[in-house]
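Only one structure is covered here, and it is reproduced in the block below.
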Amino acid sequence: MTTTRVLCIAQPKLRSATAKVLTCEPAPKKPVAPMAKGSKFVVTLDQTLLYPEGGGQPSDTGRIGTAKVLYADKNSEGEVHHYVDSKVEVGSEVEVTIDWARRWDNTQQHSGQHLISALCETHELFPEFGNTDSWEFGSQACTVDIGPCNLDLIPQGETLESRVKALDDHCNQAIREHRTVFNRQMKRSELEDENGNRDPMLRSALPTKVKGDLFRIVEIDGIEKNACGGTHVENLAELQCVKITGHSWKASTKILTLSFLIGQRVLDRFDKCCARESAMINDLSCKREKLPDLVQQRLQQLTVANRQVKALSDELVQFLASDMLTKASEGKVVGTFRDCESAFLHLLEKALSEKIKASEGGPRAILLCCPTAFLFADYNEGTPLLSNKDMLSSLLAEFGAKGAGGKKPIWQGKSITGVKERNFKKAMGIIEEAAKDLRPEWQHWLRTAHRRCCTQAASSVPREETRPTHRWKLPIAGEVRQRSRERVVPSYPSYESVGITEFIDLQSIGGRVKVKMKDWEVREVGIDGKVARLPFETGVEGWREVEEKMQTQTMHKLESFTPSDGIDDTPLPDADSTEVLRKAFWEGYSMKAEEARAFVLECCGEEALRNVELFLDMHRANAGTADAPAWKHVLVCELPSTFTKSDVKKIRGAMLRIIEEITCSASSKFFANKTMLSLSSDAETSSMLERVLDAGDVKRFMSFYMAGYSPDFLDLHFRLPEGETAESHLQDFREKIRLKLKEVRFALNTEEEAEQDAYPVRVSWSRAFSQTGLIGRARWRFVLHKVNIDMPTLQSHLERRLKLPRDSLHFAGLKDKRGLTYQFATLPATHSPAEIQFAIEDLCSTLKRGWAQVDNFETDNTSRKLQYGMLMGNFFRVRVRGVPQGASERLKSLRELGFVNYFGLQRFGWALDGGSQHVRIGGAILCKDYKRAIRNWMKPPKGDTTAQAEVFRQWLADGDSAKAVSSLRELSTENNRDLNWWIDALLIVGDNGEHWKYRQAVKRLPRSVVHLFPNAYTACLWNRLASKRIKEGGLTVRVGDLVAVGAGDNLEELALIKTEEDAQKFELTDVRIPLLGLSTERCPVRDAGVDVHALYSDLLDESINLGEIGPWARDGIDFDLTPHVGCRVVIKTIARPLVVRPVALHAEEEWKMDWGENVKRNMLLDFYLPRGSYATMLLRELGVHQALGEPDGDS
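First residue of the sequence shown? That's -1 in my numbering, and the numbers climb one at a time after it.
Structural data, given as structure tokens:
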């Protein structure tokens, strides 16, 4: 065992060093500390920069080579153990680096604690002060326990608060005096004499466990000396400032606890307080000095309102109790299902029990339910119903509760799954069944009450399904429901129009799938091989069968996710670096012009600086000319990937400083091996800003805008034209500028007075986190359960509510909107799971139908972005209604042969001009005919008679965008996503817009929408090619087929069949048909010798003749749309199975007797399909009629 040399003791500001790896052993299965969780190896070095945890100071983090150090500690022999996430080669020379931001924060807090403890004693602020008892280092604030001290002896006229304020002042005075902090090695004889009397400056006794006669002493000049092994500042000025944020005193122990912030933490807390105060000012529309009075006033108003609500609630429960007892006068059980909170059930039960006890012969039991809870009370002598354990177990199962309890006669609980009207009805039936053992006359009473209560519940609850995750409340007086818009359900395109024509072995079992949520359930099987489920779901046999199969497959490496402890309270640390990037930008922008030029020259080279000057010269040359280009762009340079995002942001700030005389933006685009820096300007945007702002304010605004998303705001003054009001002028400006500057908000500043020719405006961001700041940072992975909500709507709302940038919610694919869907999704860990769940509930509260919930949170410890297609497949549960007897026995062909793996009709949108709307839009985008794409997108389906459809028809005829926008705004509502997209597109296009404006309109669409259309086009061509293969080649493998011969590393190994002998070795399920697209660097289709474009040449000609794509497609199609549509969209060539066999296919027949002799028979189908396969195509093979309504994408 070797003592590790800890370099940070002597050189606390050293950030990197080389070291030799001595050992690398597997980490203990049980983490030695919370920070060590996730470590895989323990490494020792001959020397280290990382401070090991000890003396109250937390461990440093950093890197050893490429391995991330999560934690470091030191044993009694002085050997430092580094807990890392990957293996390091023993004997190698490695570079050791530290997380400097964390180290510096630890250093500031530790030195600040020394200062606080010392000044408590030297200034005798707290009577009978003993010593520092302990101190605790928190991620948000630190605490120090001092004592014992007797606060009762504080002189009269002074308070504990005044003494704490004095301590605050003394600390900051010492910082202003720039006192030096010494770190020395001293002998015991220099600190204590022979009699044990220590140096007066030495605040505490020397430790007895130190080996040898040398002690490391930290001395604050003129204040104290103390033995300490931690890292410290070299001068108190480096602490910046000290703030005591709180205090508490325990009289029993006489220990005073002080909470404090040091240095950067004080500034961070101040920024948050300012942002919070500004948000309150904006929300309350008041001036800063009036905020305290207004908050106090609102609290008083809330108190009065709460009293009024309580009085009205008491009055309401009395009325309801009387009404319920009147309606159930013949029975002995009364119940109701209410749209309320569980607390309201208790009020209602109390009112009912009082009335029941005061009456004779009335009901003797109560069942009350709401969407989240239930309450049952048995007022019969001896509570016979509460003693029936079988009945109570059945009620628990019906309500989806883990348990219930309470003091007799009440039995209550909370539902995990959510209580619905049907659960209430069944529960009343269960109680009726349980009461059969009671006196015979009870049966009549129960049946009568059951019928009456179910009628009452049906009249008080909307017919559609209730939402289990809704935050249910009593109606508020004056509340206005959002009006419903007109709705039409167009038809799907025909099977033949999108290439679906063939069968493997049509069974024609009959039946139909209805538009009912409970009839269609989809569960994603994630990249960890697990079926998506909520915490309380135990699963079915098919789930286990699928999960076992995932463990044996060889093509994909399964990821591993471990649920984290304590994730419900706070977001994950290091989830965002937006603020770090903003600070880097301001570092570059705050340079002087010459300093900025030198910095850009040093980082980017002479050519980059020449390009910046070229951009500047272009603007100077075109200044004042009428025919100057509206948009200018210059690629400045390409930087190697060694430049961090902070480095790039700082360079962008410096570039903006160099050319600050013109209004422009500096942008960066990150790739795997390089970063591209460019400058661009838009004459229209510049003109809009210069019309309302003077030159200085334009510069301030552009620097604020280029610094990026933040909770900060910027106060400006807008010029006010004569004859206009500030409100109307600002509204007009907002309408124009929002299409140019995304996510920037402009609001009247009520804190300042308006002038005659100008008015104050506050600029802020609608988002608080940047996309760049979130890349590579911590994320949550969770299960998303939704029904009747399309994913783009949910994604848009969630990102706005959490102030995250667009496309922050990642998921592997769209699911059927009308079904019960369960899928995995990820979000940046900038918010706690509780905040994410609340945001989902907030969305549900605005919808008239549908719900969503999230649960089963895990930390996403993979470095991979969850993208389209990153799933193993989907597990389906489908109810086919109206099947003949024995239908479940006619699935042998499906099990053995499978079905043609067509893309389903959900992929292709609605019918348009005899074909598919999505196909025509996708063909136009692939040919860069953006005008045709937008016009097809806005063309209403045949039979659509809604008001918005008439607006679009008129626009397609006359091209008057202004009139169309005005009409659409009258229809638009907050959550009407499509209408808002159409309005934005029309504003960009204008009247008879040029081609480039249509392209800008396409770029405004979310990536998930843009990605949908070109994929629909290539899917249609694939369907036609698959049908052609089945027609010409039959159901056997033939020469010329492309087949899968192996799998691994997420790709299949493919080969062409060259002989009949080879063909006999494979089945039809091995045959692959490639999709038309771009051949990437690793392309098994190309490697197998298949010319994809030649394969599709005839089908492209056919598509041109059908009007789905322009004739210039014959010259070639660019499948990388990224440079043209503003987001990464690449249509790749992949091999898709021609035929698929379902896994874990199970069928169960259900039946029930209808009135008379009629029997209704259904079939419940469970099965798994690999990713990209459609359950609707499996049902087509069985001859099942499908009426699944509106699509939301891939099954």
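Using N, Cα and C, we set each Cβ at its ideal position, and we do this for glycine too. All figures in this text were calculated on a predicted structure; none of them were measured in a lab.
Going by DSSP, what residue range makes up the beta strand (DSSP E) through Leu259?
In the DSSP annotation of this structure, the continuous segment of the beta strand (DSSP E) that includes Leu259 starts and ends at 253 to 260.
Reference Leu189, options His176, Leu204, Phe180, closest by Cα:
Leu204
Secondary structure at Asp713, three-state DSSP: helix, strand or coil?
In the structure shown, Asp713 falls within a strand segment according to DSSP collapsed to helix, strand and coil.
Secondary structure, alpha helix (DSSP H): runs of 4+ residues fully inside the region 1087 to 1133:
The DSSP assignment places 1090 to 1093, 1095 to 1103, 1120 to 1123 as complete runs of the alpha helix (DSSP H) inside the region 1087 to 1133, in order along the chain (cut-off: 4 residues).
Below 8 Å on the Cβ atoms is my contact criterion, and I expect Ile969 with Ile507 to pass it. Report the Cβ-Cβ distance as a whole number of Å.
According to the sequence provided, residue 969 is Leu. The question's Ile does not apply to it. With 8 Å as the limit, Leu969 and Ile507 do not qualify as a contact, their Cβ atoms being about 44 Å apart.
Whole runs of the beta strand (DSSP E) within the region 1035 to 1093, excluding any shorter than 3 residues
1040 to 1046, 1049 to 1054, 1069 to 1072
For my contact list, Pro1257 and Phe950 are in at a C-beta cut-off of 8 Å; report their separation, rounded to the angstrom.
The chain is shown from -1 up to 1193; residue 1257 falls before or after that span and cannot be answered.
Report the rounded CA-to-CA distance for Ser644 versus Arg777, giving the unit in angstroms.
20 Å
Which same chain residues end up closer than 8 Å to Arg296 when comparing Cβ atoms and leaving out the 5 residues on each side of it in sequence?
Leu282
Could you check how far apart the C-beta atoms of Thr59 and Asp97 are, in whole angstroms? I think they sit under 8 Å.
5 Å
Which residue marks the beginning of the beta strand (DSSP E) containing Thr758, and which one marks its end?
The sequence as given places Pro at residue 758; Thr does not occur at that position. Residues 756 to 763.
Residues bridged to Thr857 [DSSP beta-bridge criterion]
For Thr857, which the question treats as bridged, DSSP gives the partners Trp778.
Write down the C-beta distance between Lys85 and Phe39 rounded to the nearest angstrom, noting that I regard them as a contact closer than 8 Å.
5 Å
Please tell me whether, using a cut-off of 7 Å, the distance from the CB of Ile114 to the nearest non-hydrogen atom of the ligand MN is below it.
This structure lacks the ligand MN; in fact it carries no ligand of any kind.
Contact belief for Gly89 with Thr1 at Cβ below 8 Å, rounded distance in angstroms:
About 19 Å separates the two Cβ atoms, so there is no contact after all.
Continuous alpha helix (DSSP H) assignments of at least 4 residues falling wholly in the region 827 to 876:
With a minimum length of 4 residues, the continuous alpha helix (DSSP H) runs that stay inside the region 827 to 876 are 831 to 842.
Measure the C-alpha to C-alpha separation of Phe613 and Lys926 and round it to an integer number of angstroms.
Cα-Cα distance, rounded: 29 Å.
Can you tell me whether Glu1146 is buried or exposed? The criterion is at least 16 other CB atoms within 10 Å of its CB, across all chains shown.
exposed
Alpha carbons only, please: which of Leu796, Val67, Ser489 is nearest the one belonging to Leu48?
Val67
Just the C-alpha distance for Thr1120 and Val162, rounded to the nearest angstrom, thanks.
59 Å
Three-state secondary structure (DSSP) at Pro24?
strand
Would you give the residue range spanned by the beta strand (DSSP E) that Leu1003 belongs to?
For Leu1003, no beta strand (DSSP E) segment is defined, and its DSSP state is neither H nor E.
In whole angstroms, what separates the C-alpha of Lys270 from that of Arg698?
22 Å
Report the three-state DSSP secondary structure of Thr1196 (helix, strand or coil).
With the chain running from -1 to 1193 in the structure shown, residue 1196 is simply not present.
Using the three-state DSSP reduction, which class does Asn620 fall into: helix, strand or coil?
Asn620 falls in the helix class under three-state DSSP.
So the candidates are Ala273, Ala395, Gly244; which of them puts its Cα closest to the Cα of Leu259?
Gly244
To the nearest angstrom, how far is it from the Cα of His1220 to the Cα of Ile660?
Nothing about residue 1220 can be read from this structure; the chain reaches only from -1 to 1193.
If you count every other CB in all the chains shown that lies within 10 Å of the CB of Trp1020, and 16 or more means buried, which is it?
By the 10 Å Cβ count, Trp1020 comes out buried.
Same chain, Cβ closer than 7 Å to Arg595, neighbours up to 5 away in sequence not counted:
Leu607, Ile656
Classify Phe317: buried if its beta carbon has 16 or more other beta carbons within 10 angstroms, exposed otherwise.
With fewer than 16 Cβ atoms within 10 Å of its Cβ, Phe317 is classed as exposed.
Gly403, DSSP secondary structure in three states
strand
Residue range of the alpha helix (DSSP H) that Val690 falls in?
Run containing Val690: 681 to 690, per the alpha helix (DSSP H) assignment.
For Thr499, which residues in the same chain have their Cβ closer than 6 Å to its Cβ, ignoring the five residues on either side in sequence?
Excluding residues within five positions, the ones whose Cβ falls inside 6 Å are Ser1025.
Considering only the alpha carbon of each residue, which of Val19, Thr21, Gly36 lies closest to Lys27?
Of the candidates Val19, Thr21, Gly36, the one whose C-alpha sits nearest the C-alpha of Lys27 is Gly36.
Could you give the C-beta distance for Pro1004 and Asp805, rounded to a whole number, given that I count them as a contact under 8 Å?
7 Å
What is the C-beta distance between Phe873 and Val544, in whole angstroms, given that I count them as a contact (C-beta under 8 Å)?
6 Å
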